[in-house]
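Reading through the structure tokens given below for one structure.
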Amino acid sequence: MRISANFDGGNIDIIKMDQVDDIQLAIRSDEGGEFYQWFNFRFEGQVGHRYDLKIINAGQSSYPKGWENYQAVASYDRQTWFRIPTSYQDGVLHLQVDLDCDAVQIAYFAPYSYERHLDLLSEVQLHPDVSLEHLGLTLDGRDMTLVKVGDDDPDKANIWITARQHPGETMAEWLVEGLLNRLLDQDCPVAKSLKDKANFYIVPNMNPDGSVRGHLRTNAKGVNLNREWANPSLALSPEVFYVVNKMKQVGVDLFYDVHGDEGLPYVFLAGCEGIPAWDARLAELQQQFSSALLLASPDFQTEFGYDKDAPGQANLTIGSNWVAQTFACLSNTLEMPFKDNDNLADPFVGWSPERSVHLGEASLIAMLAVVDKLR
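Each residue of the sequence shown is one higher than the one before, starting from 177 at the first, in the numbering used here.
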């Protein structure tokens with residue numbers, strides 16, 4: 177037997193591995209020690225054997241309720257991901273592995289590697305409507321890259337899309353990949369119409385350092401970027417600092433911040449009803465965007481989600497709230513599940529990269545429904 181997490185996005189510690197039926201593991205915390213939930217490792221064993229892998233510190237993780245009805249993902253080829261039998265008992269997460277090949281990769285959700293991120297940037301830059309802008313460097317010296325789709329026409333609406341402020345929420349970058357590929361599809365009438373009406377500013381990965389380090393929620397300094405928007409700094413949160421400055425330069429008419437939720441088995445939006453600037457215009461845009469997304473994707477729903485903030489009580493350090501308040505624009509946080517989507521359950525794959533991609537494509541339809549009313 178052998179276990180390794182010494183790769184991009186890897187995370188696991190070996191506590192005990194003396195016997196086949198007593199393999200004890202632990203998730204490493206993010207920098208700063210406040211958060212942990214993401215795991216991602218490679219397990220090698222004997223084909224045909226069944227192994228019980230125990231993550232013994234699951235009960236003290238950031239979101240213990242996230243383990244309820246949760247199934248880990250696995251892949252033999254790192255392309256196709258499926259769910260494996262998983263149970264949570266007395267603070268221990270049990271992963272049952274029946275090896276069909278010598279090695280399998282096991283993760284909290286299907287990883288989106290930094291190499292794939294770089295591949296995505298390289299691929300989309302070949303499109304004539306795309307330009308890449310270097311915003312600055314992260315604390316670990318990685319590039320913060322903005323994907324610009326459009327011609328910078330000031331008469332067009334400016335649509336901003338960000339993903340992976342929380343690096344372990346890899347479904348967010350899968351969604352952006354699907355959205356970008358559809359937006360750049362020359363034969364897609366939705367994409368053509370949107371590009372006639374809007375410029376797109378897309379940050380596929382807001383937290384590349386945390387992504388490579390195998391963090392759940394924070395950057396290289398242990399900072400939760402989605403609590404930095406009111407006062408970002410180069411010392412602690414350069415990722416947000418660069419994006420905020422660029423937003424102030426070009427303006428924002430629609431903001432779509434893409435995330436994953438550990439506990440709720442649904443796709444939902446978290447709006448900005450609690451900001452001081454909330455008014456009838458923003459409420460109407462919110463309703464129209466949500467209704468359009470309901471029609472565009474059966475995976476989306478509005479019954480389950482977060483409680484709405486009381487009027488004037490929104491936390492303005494959160495990205496979507498800060499942007500909505502600063503630019504008086506339609507702004508949403510989109511949440512996807514780490515588990516399955518209970519509205520359209522799939523026991524074999526659960527919520528998946530493929531479904532995230534399709535939701536990204538559907539998101540463009542919702543944007544088209546409101547683009548003429550954003551200004």
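We put the beta carbon where it would ideally sit given N, CA and C, even for glycine.
Query                                                                                              : Result
Pick from N216, M193, W214 and G242 that is closest to E438, judged by C-alpha positions           : G242
Pairwise C-alpha distance: Q463 and L471                                                           : 13 Å
Inter-residue spacing [alpha-carbon to alpha-carbon] between I541 and E530                         : 18 Å
First through last residue of the alpha helix (DSSP H) which encompasses Y482                      : That residue, Y482, is in no alpha helix (DSSP H); it is neither H nor E in DSSP.
For A283, the three-state DSSP class (helix, strand or coil)                                       : strand
Neighbourhood of D266 by C-beta, 8 Å cutoff - its chain only, sequence neighbours within 5 removed : G235
Nearest to F480 (by Cα), restricted to the options M320, D518 and I190                             : D518
Cα-Cα separation between V306 and E511, rounded to whole angstroms                                 : 27 Å
Collapsed DSSP secondary structure at N334 in the structure displayed                              : strand
Beta strand (DSSP E) segment containing M512, residue limits                                       : L506 to P513
Buried or exposed (CB count within 10 angstroms, at least 16 for buried), G488                     : exposed
Bridge partner(s) assigned by DSSP for F217                                                        : I282
Helix, strand or coil at M320 according to DSSP, with G and I counted as helix                     : strand
Helix, strand or coil at T502 [DSSP, three-state]                                                  : helix
Close Cβ partners of L313 (< 8 Å) along its chain, the five nearest in sequence each way excluded  : D319, M320 and P414
Cα-Cα separation, A459 to E449                                                                     : 8 Å
Burial state of A521, where buried means 16 or more other Cβ atoms lie within 10 Å                 : exposed
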